[in-house]
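Respectively, the protein sequence lines represent chains A and B.
Counting from 1, one number per residue, gives the positions in the first sequence under our numbering.
Counting from 1, one number per residue, gives the positions in the second sequence under our numbering.
Yeah, the Cβ is synthetic: ideal placement off N, Cα and C, and Gly gets one too.
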Amino acid sequence: MIHLEGVGKRFGETILFETLDFSVPAGSVTCLLGPSGCGKTTILNLMAGLLPPDTGKADIRGRFSYVFQEARLLPWETVRENTMYAMDPHLHKRERLERVDTLLDLLELKDAAHLLPGQISGGMARRTALARALLAPHDAILLDEPLSSLDPDMRTRIVELLPERLEGKAVVLVTHDYVTAAALSNRVFRLSLPPVVIRSVDINDLEGTLDQIERIDRGGSIPD
Amino acid sequence: MISTSHKRLWVACSSLLAVLIWKLASHIAAREIILPSPETTRLSLAGLLGKGATWIAVGSTLRRVLFSFLMNIMLALATGVASGFSSRIYYTLKPVITVMKAVPTMGVILLSLIWFNSETAVVFVCTLIVFPVLYSSVVTGIRHLDEGLLEMHRVFRIRWPRTLIRFVLPSLRPYLISGVMSGLGLSMKVIIAAEVLSQPKTGIGTMFQIERARLNTTGVFAWSLLVIILTAGLDALFAVLRKRYGEKR
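Rendered as structure tokens:
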């Protein structure tokens with residue numbers, strides 16, 4: 001579904017990747033871990049076709065959905081309108097409304113459906129963006145810290161509803177959160193600081209890896 | 001910030017001061033044909049308001065102003081959005097816009113009088129002057145579209161009619177509002193100037209020319225005063241429309 005082949009990318013003087021090879025097949029939930037500034041969002045943007053690689057090739061097929069790090073909602077449209085914004089326009093209106101209302105209900109956004117992004121909390125905006133991405137027609141979905149700024153109860157609830165909704169898709173998940181990573185992913189990779197090297201992580205070793213990354217983010221030394 | 005009643009007080013004081021200076025100047029000039037006094041101007045204006053011909057002239061001018069203004073807004077939106085998104089279109093239009101901005105108004109009016117009838121000439125001149133202003137604000141608006149939201153539209157492959165209606169046009173609103181505010185007053189001035197020279201059958205400019213030919217300075221003053229009132233009225237009307245329909249969100 002997603003193939004990055006020998007992709008090189010630099011920002012000014014900083015070489016982010018020299019030759020990056022990475023694939024995400026359909027039906028896999030691939031989790032990317034790594035300290036801040038190691039290029040996780042850049043990888044997502046390369047996959048989404050928002051950023052052209054300097055060298056190599058990004059072979060992308062099918063339709064993408066994306067939960068950006070920021071909510072990116074239209075400020076003059078309500079939560080419901082924003083949620084429906086990327087839906088397939090060929091679907092019958094009643095069908096569309098039904099799907100939206102079900103999801104808004106699950107995400108506890110029903111009472112906020114008529115509010116504008118400026119009138120809701122950051123966590124609600126985040127959930128609205130997640131709802132929009134889940135309802136957009138897609139074969140692959142990119143999730144950049146989808147559950148940050150949500151309270152633990154909401155997190156657990158979303159972690160429970162996601163597997164069913166993501167089934168059969170190519171999913172790339174960027175997260176710092178152990179619970180999300182452990183519950184959703186079936187492949188975990190760890191990125192080093194630039195120039196980035198990607199290494200597979202044993203899911204059993206997830207906790208240790210996350211601890212290490214947290215230490216690096218706090219300014220600690222860089223192991224291996 | 002000062003309160004509304006204070007704002008009104010300041011505006012009233014400043015207007016009163018202007019009238020006093022005017023009065024004093026006309027006293028010094030001492031001849032109505034050079035500088036009529038506020039009182040005679042007021043009387044002359046009252047006389048104008050009572051005449052049917054005045055309202056026909058006002059109606060024709062307002063019709064021209066609104067027609068050319070709406071046409072220019074549409075034109076500026078279409079070309080401005082296209083240029084904002086495509087640098088090829090932008091650079092193709094660049095010399096045209098530069099010429100439009102630089103060309104002397106009077107030269108254009110005289111030329112258009114040779115080329116067109118007076119009715120068309122007035123609208124043509126207005127387009128030449130007002131269109132570049134509106135076009136520039138639309139292009140600036142497109143340049144300032146939210147980058148993150150543009151990316152969102154690309155990823156989700158939102159079709160362009162939806163992108164245009166629900167993202168681009170609402171984003172342009174502040175730029176359009178400032179464009180309308182400056183463009184409407186400008187249209188009024190340019191249209192009247194073009195009417196003075198092109199002499200359509202009816203119009204405020206035509207009336208100006210008639211008063212001037214009669215050496216009736218008071219009449220010219222009265223008409224000027226009427227134009228000021230009309231422009232202020234248009235601004236106020238736009239402000240009301242904006243409050244009622246523009247800022248629902």
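{"Query": "Assumed close pair P132(B), M100(B) - CB separation to whole angstroms, cut-off 8 Å", "Result": "5 Å"}
{"Query": "Alpha-carbon spacing of F67(B) relative to A113(A), whole angstroms", "Result": "41 Å"}
{"Query": "Per-residue contacts from R72(A) into chain B (C-beta, under 7 Å)", "Result": "G148, L149, M152"}
{"Query": "Rounded straight-line distance, which links the Cα of L128(B) to that of L150(B)", "Result": "32 Å"}
{"Query": "Sequence ranges, beta strand (DSSP E) only - wholly within the region 64-117 of chain A, length at least 3", "Result": "64-67"}
{"Query": "Per-residue burial, S198(B) [other beta carbons within 10 Å of its own, 16 or more giving buried]", "Result": "buried"}
{"Query": "First through last residue of the alpha helix (DSSP H) which encompasses K94(B)", "Result": "87-102"}
{"Query": "Min CB distance L50(A) to chain B below 9 Å", "Result": "yes"}
{"Query": "D224(A) in three-state terms, based on DSSP", "Result": "With a pLDDT of only 47 at D224(A), under 50, the local geometry of the prediction cannot be trusted, and the value read off the model is given with reservation. Three-state result, D224(A): coil."}
{"Query": "Boundaries of the beta strand (DSSP E) in which K57(A) is found, first to last residue", "Result": "55-60"}
{"Query": "V188(A) - partner residues in DSSP beta bridges", "Result": "C31(A), V201(A)"}
{"Query": "Member of G141(B), A57(B), L176(B) whose CA lies at the smallest distance from the CA of Q209(B)", "Result": "A57(B)"}
{"Query": "Beta-carbon proximity list for R165(A), same chain, < 8 Å, skipping 5 on both sides", "Result": "L134"}
{"Query": "Proximal chain B residues relative to R63(A), where beta-carbon distance stays under 8 Å", "Result": "R157"}
{"Query": "C-beta atoms of W22(B) and P38(B) nearer than 9 Å", "Result": "yes"}
{"Query": "In DSSP terms, what R10(A) is bridged to", "Result": "I15(A)"}
{"Query": "Alpha carbon of K40(A) to alpha carbon of G62(A), nearest angstrom", "Result": "21 Å"}
{"Query": "Identity of the residues DSSP links to A140(A) by a beta bridge", "Result": "F64(A), A170(A)"}
{"Query": "Alpha carbon of L107(A) to alpha carbon of L77(B), nearest angstrom", "Result": "39 Å"}
{"Query": "Residues that F11(A) contacts on chain B, provided the C-beta gap is smaller than 7 Å", "Result": "Going along chain B, no residue has its Cβ under 7 Å from F11(A), so there is no contact; the nearest lies around 16 Å."}
{"Query": "R242(B) Cβ short of 8 Å to the ligand GTP heavy atom set", "Result": "This structure simply doesn't include the ligand GTP, nor any ligand for that matter."}
{"Query": "In chain order, each alpha helix (DSSP H) run of at least 4 residues that lies wholly inside the region 33-93 of chain B", "Result": "38-49, 52-85"}
{"Query": "Per-residue DSSP class, three states only, for V196(A)", "Result": "coil"}
{"Query": "Expected contact under 8 Å - CB spacing of V79(A) and I120(A) to nearest Å", "Result": "7 Å"}
{"Query": "Whole-angstrom distance between H27(B) and I34(B), CA atom to CA atom", "Result": "11 Å"}
{"Query": "Exposure of R214(B), with buried meaning 16 or more beta-carbon neighbours within 10 Å", "Result": "exposed"}
{"Query": "For D146(B), the three-state DSSP class (helix, strand or coil)", "Result": "coil"}
{"Query": "P170(B): contacting residues in chain A (beta-carbon distance under 9 Å)", "Result": "L74, P75, W76, E77"}
{"Query": "CB contact below 9 Å: R244(B) versus chain A", "Result": "no"}
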